[in-house]
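Asker: What the sequence shown shows, in mature numbering (1 follows the signal peptide of the UniProt record, and there is no 0), is residues -18 to -1, 1 to 549, in sequence order. Ideal placement from N, C-alpha and C gives every residue a C-beta, glycine not left out. Can you read through this structure? Questions will come right after.
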Amino acid sequence: MRRIVVFCMLLVSASLHARTLYVSVKGDDRSAGSAANPLQSINRAVKLANAGDTVLLTAGTYRQTIRISGKAGNIDNPVYIIAQNKNTVIDGGAPAPGMGLDYNWIELNNTAWIVFQGISFVNGWTDPVNVKNSSYISFRYCNFKGGRKVILATGADTHHVLVEGCSWDQGGEKLWTIDKDVRGVDAWLSMHHELMGYYNGSLIDSRASGGSFVIRRNRITNAYNGIRFTSKKGYDANIEVYENDISNIRDNDFEPEHYAFNLHIYHNRSHNIHKTLSVDDVAGGYIYYYGNTVTMDSTAWAKKICSGFSKIYGGVDSLTYPLYFFNNSFFGYGKGFNAMEHRARMLKHYNNAYYFAGEQGLILEYIDPTNEFDNDITNKPWPSSIRNNALEKNGKTADVKFRNVFQRDLRLQPSSIAIDAGKQLSFPELQWTQSFKGKSVDVGAYEDNEPVQGPPYHFRKPENAAFHYTETPRVVRYYVNGNKLHLFFSEAMDAQSLSNNNIEIQCRNKKLKVQNSVLQDGAYEWIVETDTQLIANEISIGFIKKPVSVHGGVYTNWAAAIPVIAK
């Protein structure tokens, strides 16, 4: 499926009375907030804003902390806080990184339906964006520099946080290349839990939240971790992480800690990562990791830092439900797994392609009867733990022939042994069976040169869920097939609320006639047939009356995976 940039509706409101409040560093809070007479305080403008209003920050450097409490837009009309241009900067004022600092950019409490867009943030430490008991909060196309846990989401009433199209550089190139701290201690160790522990964070981190986060199409570089969730049972479930570009990470780019449930990680591109996926002492499961690519460059520094591709490790806790690790592609100089022992279990490892440029290959030390391997390809001999127990049923030892590893292109060459060499997968719990174009599924992250597809996201409450909200259904994926549009929803939909007359489809701004539609796959997939051929990146949709889920949740365009028609 082609990468689709979601249509930006941020300056469009359904409210006839929406207004724009202007803010300037040279403004006056006694003014009306017009373009000619802007306000000076961002917080003053937010206080005056109603649902659907836009707070427009004109160019300049603001040394203010945005504090919002008890403010709410609504499902149709968020409150927008938008930068005028790239020269709009919020400076937290931190003179240097450190632990326990309060140089914050944003503090949200008991707040809903707020959008931050296009703002640059600098000098914020330690956890400069605090989201507490707030929902439907969006960060779009923002630029972050600094911060430990940049966005810290806490509280069971915090749910539905979108981080899209943002960039984050935590410490510049020096964070990636520093070898030792001022005491001569190894930098990785120092950053982990010692003197430089103020780097041990991530772009977003959650603590006992209601989950339902979407993290997509971001660029993360020069950081200790990329994306991390630190949870406990019943919290922080339902997370989508896809199409992110992550490089120069001293530790892990994806790291669930303690507990994970219904986590979808796919179509991400990682380069120069110590470990890409770390599942260490984690309970829960239903983790779907697929279509990801991982590469390393050949510098001595990268070889030293990047010790392996993944870490699957059991401990006090271990997975109860599967970790589906399938159709990924790896090139590098480290090991396949740093560790896989001490009760590591429930790993379902299928159709993965590995090329080890160094001396080491896959390291799989612990074999549990719940772990499965099939149709994987590696250029190094299989470890004895797999070979002696005949656990890799149809694996091969061969060069998979990636197209151009040093340009991070891990598509397959036409002569690759990985073409049509995979195992077709099926996940009945998600009403999904893997599709393919040749004789069988390709091994690796691509199917016929397109990113391999996996099961669409379904909202699922974990056992003993600590949150109680009703999911507001949204479109989480779509694709076109001729004149048919396939829409996938986060919740099973009420059939009576979906009809031919209730949807509007435009292609190249032309309204199409809907001829037929059918709801299938447990009411999660709706197939709509139109009167003309569809073009995937030229369509948008809208509903005349919002459909509802079988649980009564009302449809939202929040984080929609398909462009929506502006009203």
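Closest by CA to His253, which one among Arg390, Glu511, Ile401, Gly464?
Answerer: Here the closest residue by C-alpha is Arg390.
Asker: Under a three-way DSSP split, which group does Gln502 fall into?
Answerer: Three-state result, Gln502: strand.
Asker: Am I right that Thr283 and Thr159 are in contact with their C-beta atoms under 8 Å? What's the rounded C-beta distance?
Answerer: Per the sequence shown, residue 283 should be read as Trp rather than Thr. With 8 Å as the limit, Trp283 and Thr159 qualify as a contact, their Cβ atoms being about 6 Å apart.
Asker: Give me the Cβ distance between Gly34 and Gly55, rounded to the nearest whole Å; I'm assuming they're in contact under 8 Å.
Answerer: Right, the Cβ-Cβ distance comes to about 7 Å (below 8 Å), so this counts as a contact.
Asker: Give the straight-line distance between the Cα atoms of Phe388 and Tyr315, rounded to the nearest whole angstrom.
Answerer: Their backbone Cα atoms lie some 13 Å apart in a straight line.
Asker: Can you tell me which of the three DSSP states Thr379 falls into?
Answerer: Correct three-state label for Thr379: strand.
Asker: Counting only beta-carbon atoms, is Lys330 nearer than 8 Å to chain B?
Answerer: Absent from the structure: chain B. Only one protein chain is present.
Asker: Determine the burial state of Ala17: buried for a count of at least 16 other Cβ atoms within 10 Å of its Cβ, exposed for fewer.
Answerer: It counts as exposed.
Asker: On the three-pair Cβ rule with 8 Å, is the region 245 to 265 touching the region 441 to 451?
Answerer: Not touching, per the Cβ criterion.
Asker: What does the alpha-carbon distance come out to for the pair Gly80 and Asn69?
Answerer: Going by the C-alpha atoms only, they are around 26 Å apart.
Asker: If you run the structure through DSSP and keep just helix, strand and coil, what is Ser479?
Answerer: Of the three classes helix, strand and coil, the one that applies to Ser479 here is helix, per DSSP.
Asker: As a quick exercise: from Tyr224, Ile186, Leu394, Tyr206, pick the residue whose alpha carbon is nearest that of Val111.
Answerer: Among Tyr224, Ile186, Leu394, Tyr206, the Cα nearest to that of Val111 belongs to Ile186.
Asker: From this set, Asn491, Arg189, Gly147, Asn357, which residue's C-alpha is nearest Asn333's C-alpha?
Answerer: Checking every option, the nearest Cα to that of Asn333 belongs to Asn357.
Asker: Strictly by DSSP, which residues pair up with Ile489?
Answerer: Just to set this straight, residue 489 is Cys in the shown sequence, not Ile. The partner list for Cys489 (beta bridge, DSSP) reads Lys492, Ile521.
Asker: Buried or exposed: Val500, going by 16 or more other Cβ atoms within 10 Å of its Cβ?
Answerer: The residue is exposed, with fewer than 16 neighbouring Cβ atoms inside 10 Å.
Asker: With respect to the beta strand (DSSP E) encompassing Lys286, which residues constitute its N-terminal and C-terminal limits?
Answerer: No beta strand (DSSP E) contains Lys286, which is instead part of the alpha helix (DSSP H) from 282 to 287.
Asker: Can Leu392 and Trp364 be called in contact, C-beta distance under 8 Å?
Answerer: No, the Cβ-Cβ distance between Leu392 and Trp364 is not below 8 Å.
Asker: For the beta strand (DSSP E) containing Arg199, list its first residue and its last residue.
Answerer: No beta strand (DSSP E) holds Arg199; DSSP gives it neither H nor E.
Asker: Is DSSP giving residue 572 helix, strand or coil here?
Answerer: The question about residue 572 has no answer here: the residues shown for the chain are numbered -18 through 549.
Asker: With a threshold of 6 Å on Cβ separation, who are the neighbours of Lys215 within its own chain once the five nearest residues in sequence on each side are excluded?
Answerer: Only Tyr241 meet the Cβ criterion.
Asker: Helix, strand or coil for Arg189? Go by DSSP, reduced to three states.
Answerer: If DSSP states are grouped into helix, strand and coil, Arg189 belongs with the strands.
Asker: Starting from Val156, trace the alpha helix (DSSP H) in both directions and tell me its first and last residue.
Answerer: Correcting the residue type first, residue 156 is Lys in the shown sequence and not Val. Lys156 -> alpha helix (DSSP H) spans 155 to 159.
Asker: Fully enclosed by the region 368 to 440, which alpha helix (DSSP H) runs are 4 residues long or longer?
Answerer: Correct list: empty.
Asker: Starting from Arg459, follow its DSSP beta bridges and name the residues at the other end.
Answerer: Arg459 pairs with Phe470.
Asker: Quick check: what's the CA-CA separation for Asp476 versus Tyr506?
Answerer: So the alpha carbons of these two residues sit roughly 10 Å apart.
Asker: Start and end of the beta strand (DSSP E) containing Lys257?
Answerer: 251 to 272 is the extent of the beta strand (DSSP E) around Lys257.
Asker: Just mark Val196 as buried or exposed, buried being the case when its beta carbon has 16 or more other beta carbons within 10 Å.
Answerer: Label assigned to Val196: buried.
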